[in-house]
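In mature numbering (1 follows the signal peptide of the UniProt record, and there is no 0), the protein residues as written are -24 to -1, 1 to 158.
Some notes on the structure that comes next.
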Amino acid sequence: MKFFSLLSLILIITLSSCTTVRVASDYDKKANFNTYKSYAFYKPGIDKAEISDLDKKRILRAIEADMNAKGFQKSDNPDVLVSIFTKTRENVNVYQNNWGWGWGPGWGYGWGWNPWFWGPNYNSVSRVTEGTLYIDLIDASKKELIWQGMGTSALTNKVDKKQEKMNEIVAAILEKYPPELN
């Protein structure tokens, strides 16, 4: 029963950690965020992002939806330019479980950790591609960065889930905009 409870706990932690987005943001304290009402995408910056054009479209759709929800309007003469860039890395996680029963020096017979365990050893290796998305907001008239948000999360290879994942990451990042000014 204890083994089942431990396994359930590990499974819950693993599944919940896969759905989280770690977010951070930074901003120019001299910028007046109340004056920014319109936006446009900064094509030269977006073109440099090293991801597929399909993923770029997914990200831009998610940004557009969130910016519109915040009351911004897409414009040919914007107050803010939106740019993105991305990074990816592969995480390799090795899980080793030496719990079980057996006979060996030091611990005796019974349940507990035993390096001389005679039964099966539960080891697993998982590989997860983790992506980081940066969203830059640039003052269009001054051509200066005024806000940057960053979100890191595990990515999915399932085509039907990619837009949902991009929406989740973008929403988590843009939740930090506008910054809470003191």
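Ideal placement from N, C-alpha and C gives every residue a C-beta, glycine not left out.
Note that the coordinates shown come from a computational prediction; the quantities given were computed from them, not determined experimentally.
So, at 6 Å on beta carbons, what are the nonlocal neighbours of residue i in its own chain, with the 5 sequence-adjacent residues on each side left out?
i: L131; result: T105 and G107
i: G21; result: S59
Look at the alpha carbon of residue i and the alpha carbon of residue j, and state the distance between them as a whole number of angstroms.
i: S51; j: V101; result: 48 Å
i: T62; j: G125; result: 12 Å
i: G47; j: V68; result: 41 Å
i: K119; j: I39; result: 20 Å
i: N133; j: S28; result: 13 Å
i: K24; j: F17; result: 13 Å
i: S1; j: N99; result: 37 Å
i: E140; j: N53; result: 30 Å
i: E26; j: K138; result: 17 Å
i: V(-4); j: K5; result: 25 Å
Apart from the five residues on each side of it in sequence, which residues of its chain come closer than 8 Å, Cβ to Cβ, to residue i?
i: E66; result: R103, V104, T105 and E106
i: D42; result: V146, A147 and L150
i: S14; result: F48, Q49, K50, S51, N53, P54, D55 and V56
Are the beta-carbon atoms of residue i and residue j separated by less than 7 Å?
i: I149; j: A7; result: no
i: residue 180; j: Y12; result: Outside the displayed range of the chain (-24 to 158) lies residue 180, so it cannot be described from this structure.
State buried or exposed for residue i, treating a residue as buried only when at least 16 other CB atoms are found within 10 Å of its CB.
i: K19; result: exposed
i: T128; result: buried
i: A45; result: exposed
i: K152; result: buried
**Prompt:** Pairing CB atoms from the segment 110 to 125 with CB atoms from the segment 38 to 57, are three or more of them under 8 Å?
**Reply:** Between the segment 110 to 125 and the segment 38 to 57 there are three or more C-beta pairs closer than 8 Å, enough to call the two in contact.
**Prompt:** Should the segment 139 to 149 be regarded as contacting the segment 21 to 39, the criterion being three or more beta carbon pairs within less than 8 Å?
**Reply:** yes
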